[in-house]
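Asks: I have a structure here, written as structure tokens, and I will follow up with some questions on it.
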Amino acid sequence: MSGAFESGARKGEVATGTTIMAVAFEGGVVLGADSRVSTGTYIANRVSDKVAALHDSIYMCRSGSAADTQAISDYVRYFLASHATEINRPPTVKTAATLARKLCYENKDALMAGVIVGGYDPIEGGSVYVIPLGGTLMKMPFAIGGSGSTYIYGAVDANYKPNMTKEECQEFVKKSIAHAMARDGSSGGIIRLVTVDATGTTRDYIPGDQLPYGP
Amino acid sequence: MSILQYNGGAIIAMTGKDCVAIASDTRLGLQQQTVACDFQKGFKMNDKLYMGVTGLATDVMTLSQLLKFRMNLYKLREDREMKPAVFSALLTSILYEKRFGPYFTEPVVAGLDENNQPFLSAMDLIGAPVSTSDFVVAGTCTPNLYGMCETMYRPDMSPDELFETISQCLLASCDRDALSGWGAVVTVITPEGVTTRKLKGRMD
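Residue numbers (this note's numbering), protein chains in the order written: chain A, 83 to 297; chain B, 183 to 386.
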């Protein structure tokens, strides 16, 4: 996944060296992210929001270049809104993910963006789609991304269980991101949690002094 | 990335009324990855003299050991303690000896001289010294540290006020640097003695 120091970053470019995560459960999805945005080693924003709303029940976690991922989420939000009007019902998460993938793949030379699209629709229930750097689209039960994710591959593989409840998913996301924030210099700040299900969306945040893990 | 930014770190030394304080973070990293949060960067040279070293971790360790050795040798030969200004001059000399293959460090010296007056100095990696009466800073977030110290410093602080001020300056500066933080240690040196405290800060 991308980090602030991979070739491709322009000098002075703002990067969301990041930890992002999404886990699907029966009736919805839990998305989480840290809040650190860095320009080189200076922390430009320590309370940023990396979980962007694409539609009422579809969200996208952003990692990589802040500008690139903001542009992608703005385009997808716009396309989804038109599409929802045209078909006269809420769009599917698959559609949102496919739109994001088209943008990422067809502009792969110009972009540095790794995103996770997660949400709820009545057809599939909760689903998570991950789109890493080249523009591959993969539907997965859960996904992690960003520079901090490299530190928690083992931890998430050990702690993930299928068919978790909503609360178990939230604890899983919080704990995993806290672990990544402790080790990755490009991740930190607060944890932003977004839970999407049939009844709607709840946004939550965990302040830096209440992280479930810290040395 | 510069070699001085490979491991990360932040140090402040500040004067008060008849006291000095030196504060450092305790992170050891390999570029973005954090490897340890208990890495010592402030070293006691004698009861009234501390040295803080930031920069490449291997040189931090080597330089502090080398200076301790030279101080011990001086004490044995001269049968007296080394004054802070003399120590600072020794340090600049040692660094300049390696002018074309330097130690990648930015040391900071804080102590009380023979009249218990505060002494501060800092230097670059090849030993160019600067001695100030208020504060000196070093590390990967010096812009942040300068901003905080300029704003919050006032002359003639008591040891408790000095501790509070230097701690807040260090913590706030490290919160905006991806390579510094993960714990901090503050040492306050007064004619009566030395107090060392660990700070509770963000561990991200």
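Idealized CB from N, CA, C, for every residue including glycine.
I'd like to check one pair, residue 238 (chain A) with residue 199 (chain A): are the Cβ atoms closer than 8 Å?
Replies: no
Asks: Check this for me: beta carbons of residue 330 (chain B) and residue 303 (chain B), under 8 Å apart or not?
Replies: no
Asks: So, residue 357 (chain B) versus residue 365 (chain B), is the Cβ gap smaller than 8 Å?
Replies: no
Asks: Can you find a C-beta in chain A that's less than 8 Å from the C-beta of residue 238 (chain B)?
Replies: no
Asks: Could you name the residues of the stretch 227 to 241 of chain A whose beta carbon sits closer than 8 Å to any beta carbon of chain B, in the order they occur along the chain?
Replies: 229 and 233
Asks: Could you give the distance in angstroms between the alpha-carbon of residue 192 (chain A) and the alpha-carbon of residue 341 (chain B)?
Replies: A straight line joining the alpha-carbon of residue 192 (chain A) with that of residue 341 (chain B) spans about 55 Å.
Asks: Under 8 Å between the Cβ atoms of residue 221 (chain B) and residue 246 (chain B)?
Replies: no
Asks: Give the interface partners of residue 151 (chain A) over in chain B, defined as CB-CB distance under 7 Å, in chain order.
Replies: Correct list: empty, because the minimum Cβ distance to chain B is about 19 Å.
Asks: Sort out for me which residues DSSP pairs residue 75 (chain A) with in a bridge.
Replies: Here chain A comprises residues numbered 83 to 297, so residue 75 (chain A) is not present and cannot be evaluated.
Asks: In whole angstroms, what is the alpha-carbon distance linking residue 259 (chain B) and residue 118 (chain A)?
Replies: 53 Å
Asks: Residue 255 (chain B) and residue 285 (chain B) look like a contact to me (Cβ under 8 Å); what is the Cβ gap, rounded to whole Å?
Replies: In fact, because the Cβ distance is near 19 Å, the residues do not count as touching under 8 Å.
Asks: Do you know how far the Cα of residue 361 (chain B) is from the Cα of residue 124 (chain A)?
Replies: Rounded to the nearest whole angstrom, the CA to CA distance from residue 124 (chain A) to residue 361 (chain B) is 9 Å.
Asks: Who are the near neighbours of residue 310 (chain B) in its chain, counting only those whose CB is closer than 7 Å to its CB and skipping five residues on each side?
Replies: Taking residue 310 (chain B) as the centre and dropping the five residues before and after it, the same chain places no C-beta closer than 7 Å to its C-beta.
Asks: Between the C-alpha atoms of residue 180 (chain A) and residue 386 (chain B), what's the straight-line distance to the nearest angstrom?
Replies: Cα to Cα, residue 180 (chain A) sits roughly 34 Å from residue 386 (chain B).
Asks: Relative to the C-alpha of residue 160 (chain A), which residue among A:252, A:185 and A:271 is closest?
Replies: A:185
Asks: Give the secondary structure of residue 286 (chain B) by DSSP, where H, G and I count as helix, E and B as strand, and everything else as coil.
Replies: Assigned with DSSP and collapsed to three states, residue 286 (chain B) falls in coil, not helix or strand.
Asks: Quick one: which chain B residues come within Cβ less than 9 Å of residue 124 (chain A)?
Replies: Neighbours of residue 124 (chain A) on chain B, chain order: 323, 325, 326, 358, 359 and 360.
Asks: Does DSSP put residue 221 (chain B) in a helix, in a strand, or in coil?
Replies: coil
Asks: Is the separation between the beta-carbon of residue 194 (chain B) and that of residue 371 (chain B) shorter than 8 Å?
Replies: no
Asks: If you measure beta-carbon to beta-carbon, which residues of the stretch 209 to 241 of chain B are closer than 8 Å to chain A?
Replies: Going along the stretch 209 to 241 of chain B in chain order, one finds 211, 213, 214, 215, 216 and 219 with a Cβ nearer than 8 Å to chain A.
Asks: So with CB distances below 8 Å, who are the chain B contacts of residue 128 (chain A)?
Replies: 357 and 358
Asks: Can you tell me which of A:206, A:249 and A:261 puts its alpha carbon nearest to the alpha carbon of residue 277 (chain A)?
Replies: A:249
Asks: Which value, in whole angstroms, describes the spacing of the CA atoms of residue 150 (chain A) and residue 231 (chain A)?
Replies: 20 Å
Asks: Mind checking the stretch 251 to 284 of chain A against chain B and listing, in chain order, the residues whose C-beta falls within less than 8 Å of any C-beta there?
Replies: Cβ contacts with chain B come from 263, 264, 265, 266, 267, 268, 269, 270 and 271.
Asks: Pull the bridge partners of residue 221 (chain A) from the DSSP assignment, please.
Replies: A:211
Asks: Comparing the C-beta of residue 120 (chain A) with each C-beta of chain B, is any distance below 8 Å?
Replies: yes
Asks: Would residue 140 (chain A) pass as a contact of residue 201 (chain A) if the rule is Cβ separation under 8 Å?
Replies: A contact, by the Cβ cut-off of 8 Å.
Asks: What are the boundary residues of the alpha helix (DSSP H) that includes residue 353 (chain B)?
Replies: 341 to 356
Asks: Keeping to the same chain, check which residues put their C-beta closer than 8 Å to that of residue 212 (chain B); ignore five residues upstream and five downstream.
Replies: Excluding its 5 nearest sequence neighbours in each direction, residue 212 (chain B) has C-beta neighbours in its own chain below 8 Å: 188 and 189, listed in chain order.
Asks: Tell me whether residue 86 (chain A) is buried or exposed, calling it buried when 16 or more other Cβ atoms sit within 10 Å of its Cβ.
Replies: Residue placement at residue 86 (chain A) is poorly supported in this model, since its pLDDT is 41, which falls under 50; the coordinates still yield a value, given next. Result: buried.
Asks: Is residue 103 (chain A) helix, strand or coil by DSSP?
Replies: strand
Asks: For the stretch 199 to 231 of chain A, enumerate the residues whose C-beta is nearer than 8 Å to any C-beta of chain B, in chain order.
Replies: 229
Asks: Got a sec: is the Cβ-Cβ distance from residue 191 (chain B) to anything in chain A below 8 Å?
Replies: No, its Cβ sits nowhere closer than 8 Å to a Cβ of chain A.
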